[in-house]
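Worksheet for the structure shown next.
In my numbering, the protein residues as written are 364 to 488.
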């Protein structure tokens, strides 16, 4: 049901192990692990933002990683901290860069490096 009709779910609550499996599954619905953000909020509002994909050790240090998931996780954290104006600027620049299609990393069908993609986003802020 989650893959066939994901819009029927607003929130999924489960233990961490199952959450990890389900978040990886759902990443495929939105373009892959490179674009999937994560924000974990605990008791008292303590929050941890991270990219769903983790550290990607196979491409570490090669300037190949797509920073979208990490940037969107930061956007989620900024909104959680009630810094929506800052979040909106980053999100608009990020989505604009992707829509433009000029600086896309390999997982999005492009040939740009992490640095090129990030510079393109920064230039739009």
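Heads up, the beta-carbon is just placed ideally off N, CA and C, and yes, glycines get one too.
Given the structure is predicted, the values throughout are model-derived calculations rather than measurements.
Counting the other Cβ atoms within 10 Å of the Cβ of residue 466 gives 16 or more, which makes it buried. In the DSSP assignment, residue 401 falls within the beta strand (DSSP E) that extends over 400-404. Comparing alpha-carbon positions, the option among 372, 441, 385, 471 lying closest to residue 395 turns out to be 471. Between residue 434 and residue 484, the C-beta spacing is below 8 Å. According to the DSSP assignment, residue 433 belongs to no beta strand (DSSP E) but to the alpha helix (DSSP H) extending over 431-443.
The beta-carbon separation of residue 375 and residue 385, rounded to 6 Å, stays under the 8 Å limit for a contact. Contact annotation: residue 410 and residue 403 have beta-carbon atoms nearer than 8 Å.
With contacts defined by Cβ atoms closer than 8 Å, residue 423 and residue 397 do not form a contacting pair. In its own chain, leaving out the 5 sequence neighbours on each side, no residue places its CB closer than 6 Å to the CB of residue 482.
From the listed residues 391, 449, 473, 364, the smallest Cα separation to residue 488 is found for 449.
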